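Residue numbers (our numbering): 467 to 734. To start, the structure under review is shown below, and the notes come after it.
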Ligand SMILES: Nc1ncnc2c1ncn2[C@@H]1O[C@H](COP(=O)(O)OP(=O)(O)OP(=O)(O)O)[C@@H](O)[C@H]1O
Ligand SMILES: [Mg+2]
């Protein structure tokens, strides 16, 4: 992220506490417009919770989250367009409502706005399904009748329903076989440039991480211990990072280790 980049998300001194347990202690992170920032960290390190914090679904114990320059608890602005309408989310679990058809799942965020008539909703839903390569013949199917890869695509169509500027992807390729995973990654890449998206993604899948990330942030010890390019991060001497990257060095031929870079990316 260069100095001139517009900051889209700014997290400062964030603490999250569940009962007696602190999940985050002093998390600091900035996301710039147009970038794909990937959040990595061990299972239970608080990645999904951090996304939920950014989305305003979880309360901060201390610290602040700003999106588009506004503090998180004032997301409904005076112009009536809430910041929520500028964000889309692909959740890690329960990607679709099982009792609704493909069409109705994607239509849901559009209907909730109460500004579109049914004809407009139909056009918008079909356009979004087309964007994620789901043919119209699947529109009236129930989620149970879809393959895993199709469910992810439909969930992505729903996340994109309101033409968000900011997209959150929690484990977008988990459970997909390598081929489906690669095609999903390609889809995200092309949608990103088509829609000028800023993306915050969580993934433990190294292929997805390499293919999409502009920068990587590492969540460990209740905070973001490092943020930088894949090249910078992958060579840090931290147990989680060493373990995470140990089997994939050969896939990163294009990345060259720079001896001094890591110190500059470690957070204070
Ligand atoms: N609502 C909640 N109440 C209490 N504890 C919670 C709550 N939500 C999450 N946690 C705990 O917070 C910790 C972080 O959970 P989170 O789901 O954010 O981890 P994660 O990094 O996304 O893990 P994974 O890689 O397995 O998805 C876990 O120990 C989890 O049990
Ligand atoms: Mg998670």
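Glycine included, C-beta positions come from ideal geometry on N, C-alpha and C. Predicted model only: the values in this text are computed from it and were never measured.
For the alpha helix (DSSP H) holding residue i, just list the boundary residues, first then last.
| i | result |
| --- | --- |
| residue 659 | 644–661 |
| residue 634 | Where residue 634 is concerned, there is no enclosing alpha helix (DSSP H), although the beta strand (DSSP E) it sits in stretches over 632–636. |
| residue 709 | 705–711 |
Which first and last residues belong to the beta strand (DSSP E) in which residue i is found?
| i | result |
| --- | --- |
| residue 477 | 473–484 |
| residue 532 | 528–533 |
| residue 692 | 689–694 |
| residue 579 | First-last for residue 579: undefined, no H or E at that position. |
Measure the C-alpha to C-alpha separation of residue i and residue j and round it to an integer number of angstroms.
| i | j | result |
| --- | --- | --- |
| residue 504 | residue 681 | 6 Å |
| residue 619 | residue 646 | 10 Å |
| residue 502 | residue 508 | 20 Å |
| residue 611 | residue 570 | 15 Å |
| residue 574 | residue 587 | 9 Å |
| residue 523 | residue 473 | 21 Å |
| residue 480 | residue 550 | 20 Å |
| residue 655 | residue 591 | 21 Å |
| residue 546 | residue 631 | Only weak support exists for where residue 546 lies, its pLDDT of 48 falling under 50; the coordinates are left without a value. |
| residue 599 | residue 484 | 40 Å |
| residue 577 | residue 698 | 44 Å |
Report the option in the options whose CA atom is closest to the CA atom of residue i.
| i | options | result |
| --- | --- | --- |
| residue 624 | 685, 493 and 557 | 557 |
| residue 639 | 662, 632, 628 and 615 | 615 |
| residue 533 | 492, 482, 634 and 701 | 634 |
| residue 476 | 493, 485, 488 and 487 | 493 |
| residue 704 | 697, 696 and 692 | 692 |
| residue 627 | 677, 594 and 711 | 594 |
| residue 673 | 648, 600 and 659 | 648 |
| residue 563 | 489, 621 and 666 | 621 |
| residue 486 | 518, 527 and 598 | 527 |
| residue 490 | 607, 637 and 515 | 515 |
| residue 660 | 697, 602, 597 and 685 | 597 |
So for residue i, helix, strand or coil by DSSP?
| i | result |
| --- | --- |
| residue 570 | helix |
| residue 503 | strand |
| residue 596 | helix |
| residue 487 | strand |
| residue 665 | strand |
| residue 685 | strand |
| residue 517 | helix |
| residue 524 | coil |
| residue 678 | helix |
| residue 508 | coil |
From the DSSP output, read off the bridge partner residues of residue i.
| i | result |
| --- | --- |
| residue 589 | The partner list for residue 589 (beta bridge, DSSP) is empty, contrary to what the question assumes. |
| residue 553 | 632 |
| residue 673 | The partner list for residue 673 (beta bridge, DSSP) is empty, contrary to what the question assumes. |
| residue 496 | 476 |
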